[in-house]
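Just below is one structure, and these are the notes that go with it.
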Amino acid sequence: MIPRTILKSRFDKSTVVGRDTKFILVFNTAKNQEILPGYYYWYENKWNNLKNLTEENGLPKDNGKAGDLFFDYSTKDVYYYNGSMWLSMTTSDETFYEAVFENKSGVLKYKNSVGEKVVINLPQLVPNFNYPKTVSLNAGKETLNFIDNSGRLTVLKLDILLAKSQNTNLTSTF
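Sequential numbering of the sequence shown, starting at 283, is according to the numbering used here.
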């Protein structure tokens, strides 16, 4: 559920933004000189309206710019692009805080639920891994999704990837 709130300005931290908040989506009900009613998201220390929202069925097919949003009509999942990969924002679980995908090496790095940094080398785990055109993580469904350059979608369960990587010493904390 998207919270309804009254934003005082584009830089209003008092309403719903905590010290560690990286991203949040709200519906603003107030109207003032600086901000109109509508959907806004907190990114890079300011409220941004949803002008850069892409809406389609399925997962994002292309990478965007940092801060871009994507709404999947078929599942109602909302993703934002953190500059490296698409992350779902439909969960309060911060398992994928600071997630980064290194496209050249195919390595996924993120912090797990206890704050340990995890590294998964996808080319060593996924048969026929093609360096993807776009990558997305869905914390709620615990999946890593990628679309390769031929447009083929692959959905991987993170628990299976982690188990495989632990058996082959590919997951480590650093």
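For every residue, glycine included, the Cβ atom is placed at its ideal position computed from N, Cα and C.
Within the region 347-422, the complete alpha helix (DSSP H) runs of at least 4 residues fall at 404-407. For LEU435, the uninterrupted beta strand (DSSP E) run begins and ends at 435-439, by DSSP. Within the DSSP bridge table, the entry for ILE284 names no partner. In the three-state reduction of the DSSP assignment, LEU332 falls in the helix class, which pools H, G and I. Across the structure, VAL298 and ASN410 are spaced so that their CA atoms are roughly 44 Å apart. Beyond the five residues adjoining it in sequence on each side, PHE309 comes within less than 6 Å, by CB distance, of ILE284, ARG286 and TYR321 in the same chain, given in chain order.
LYS313 and ILE288 have their alpha carbons spaced roughly 9 Å apart.
Among the bridge pairs identified by DSSP, GLU338 is matched with ASP354. Following the DSSP letters along the chain, one finds VAL308 inside the beta strand (DSSP E) bounded by residues 306-310. Around the beta carbon of LEU435, fewer than 16 other beta carbons lie within 10 angstroms, which makes this residue exposed. Beta-bridge annotation (DSSP): PHE428 is paired with VAL417 and THR436. Cβ atoms of ASN339 and SER370 stay farther apart than 8 Å, at about 16 Å.
Residue environment analysis places SER356 among the exposed positions, since fewer than 16 neighbouring C-beta atoms fall within 10 angstroms of its C-beta.
Residue environment for GLY388: buried (at least 16 other C-beta atoms within 10 angstroms of its C-beta).
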